[in-house]
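Q:
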Amino acid sequence: MHRIGMIVACETEAVLEKYPDLKKLEAPKGFEVFVHQDKNFEVYVMHCGMGSVYAAAGTQLLIDRYNVDTIVDFGVVGGLTQEMKTERLVLVEKAVHYRYDCSEFMDLKIGQVDGHDSIYLYTDKTLLEKALSVAPFLKKATIASGDKFISKTEEKNWIHETFDCDICDMESSGIILTCEANDVPCLLFKAVSDCLTGGAEEFWKELLNVSLMCLDITDKVIKEMYN
């Protein structure tokens, strides 16, 4: 039976609404873990909190304690282009840890993590193609990931122009790097909650609705891939 780990930063309300059968498991202080059982797979839902550090710790915990063989992340993100409007659904093809900067003392570009040939961190290509075969309407996207909520249009424009990213969040880089270190494939579903000109007010207004929409397609793809 497949054991899938699902990372949840702040979209817990949507998960509890989608899976009323969730069973809460014992977890270390600061984390909440639930399990949802399906016919051919189990989903271990990790509520870890916001930011790349929490996301990386939660991912490692799922791998070590619950022996998951795949990590799936769903969540809400900010749009960095006019195309990325509220409720737009995407699959993350690659991420840039844009707040990672060792350029002043190493031969690395801003956003390039030590040990990597470019600034981009990639999700699992096989899982990505399988997901697109189930939901071909999803767009492949590049995400800028760093521990800051971005609300100002000028800053969103700068990130897009500098790193060629479509969307931004605070967790993706931590998830991808941790999965890479453990040779565990990951797949990241995202939905835009605040557009290029939106900010915190739009984020909170759209959070539950957009989270449910994103989780619905995540659930559909998982069932098609593993049942």
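Quick note on the working numbering: the sequence shown kicks off at 3 and runs consecutively.
Each residue gets a CB set at the ideal place from its N, CA and C atoms; glycine is no exception.
1. Provide the residue span of the alpha helix (DSSP H) that contains Thr14, from first to last.
2. Name the one or two DSSP bridge partners that Tyr124 has.
3. Tell me whether Gln114 is buried or exposed, calling it buried when 16 or more other Cβ atoms sit within 10 Å of its Cβ.
4. My output table needs one value for Met8: the three-state DSSP class, helix, strand or coil.
5. Classify Phe76 as helix, strand or coil using the three-state DSSP reduction.
6. Which residues bound the alpha helix (DSSP H) around Thr164?
7. Nearest to Leu179 by alpha carbon, out of Phe151, Gly117, Ile112 and Lys141?
8. Nearest-angstrom Cα distance between Val10 and Ala16?
9. When the Cα atoms are used, what is the spatial distance from Met14 to His49?
10. Do Leu93 and Leu134 have their C-beta atoms closer together than 8 angstroms?
11. Does DSSP classify Tyr102 as helix, strand or coil?
12. Report yes if the CB atom of Tyr46 is closer than 8 angstroms to the CB atom of Met8, and no otherwise.
13. Rounding to the nearest angstrom, what Cα-Cα distance links Ala137 and Met215 in this structure?
14. Report back the beta-carbon spacing between Lys232 and Gly51 to the nearest angstrom; my notes put them in contact at under 8 angstroms.
15. Contact check, Leu130 vs Leu217 under 8 angstroms by CB: the rounded distance?
A: In terms of the structure at hand:
1. Here residue 14 refers to the residue found at position 12 of the sequence shown. Counting along the chain, the alpha helix (DSSP H) containing Thr14 begins and ends at Thr14 to Lys20.
2. Start at 1 with the first residue of the sequence shown, and residue 124 comes out as number 122. Answer by DSSP bridge pairing, in chain order: Lys96.
3. Within the sequence shown, numbered from 1, the residue matching residue 114 stands at position 112. Answer is buried; the Cβ neighbour count reaches 16.
4. Within the sequence shown, the letter at position 6 stands for residue 8. In the structure shown, Met8 sits in a strand (DSSP, three-state: E or B).
5. Within the sequence shown, the letter at position 74 stands for residue 76. Three-state DSSP puts Phe76 in a strand.
6. Within the sequence shown, residue 164 is the residue found at index 162, counting from 1. Looking at the DSSP string, the run of the alpha helix (DSSP H) that includes Thr164 is Thr155 to Phe165.
7. Stepping through the sequence shown from its first residue, residue 179 is reached at position 177. It is Gly117.
8. Stepping through the sequence shown from its first residue, residue 10 is reached at position 8. Stepping through the sequence shown from its first residue, residue 16 is reached at position 14. The alpha-carbon atoms of Val10 and Ala16 are separated by roughly 10 angstroms.
9. Residue mapping note: residue 14 aligns to position 12 of the sequence shown, counting from 1. Residue mapping note: residue 49 aligns to position 47 of the sequence shown, counting from 1. One detail in the question is off: residue 14 reads as Thr in this sequence, not Met. Using only the alpha carbons, I get a separation of about 7 angstroms.
10. By one-based count along the sequence shown, residue 93 stands at place 91. By one-based count along the sequence shown, residue 134 stands at place 132. Taking 8 angstroms as the Cβ cut-off, Leu93 and Leu134 qualify as a contacting pair.
11. Your numbering for residue 102 matches position 100 in the sequence shown. In the structure shown, Tyr102 sits in coil (DSSP, three-state: anything other than H, G, I, E or B).
12. For the purposes of this step, residue 46 is taken as residue 44 along the sequence shown, with counting starting at 1. For the purposes of this step, residue 8 is taken as residue 6 along the sequence shown, with counting starting at 1. Yes.
13. By 1-based counting over the sequence shown, the position of residue 137 is 135. By 1-based counting over the sequence shown, the position of residue 215 is 213. Computed Cα separation, rounded: 14 angstroms.
14. Missing from the structure shown is residue 232; the chain here goes from 3 to 229 and no further.
15. Mapped onto the sequence shown, residue 130 falls at position 128. Mapped onto the sequence shown, residue 217 falls at position 215. Rounded, the Cβ-Cβ distance is 18 angstroms, inconsistent with contact.
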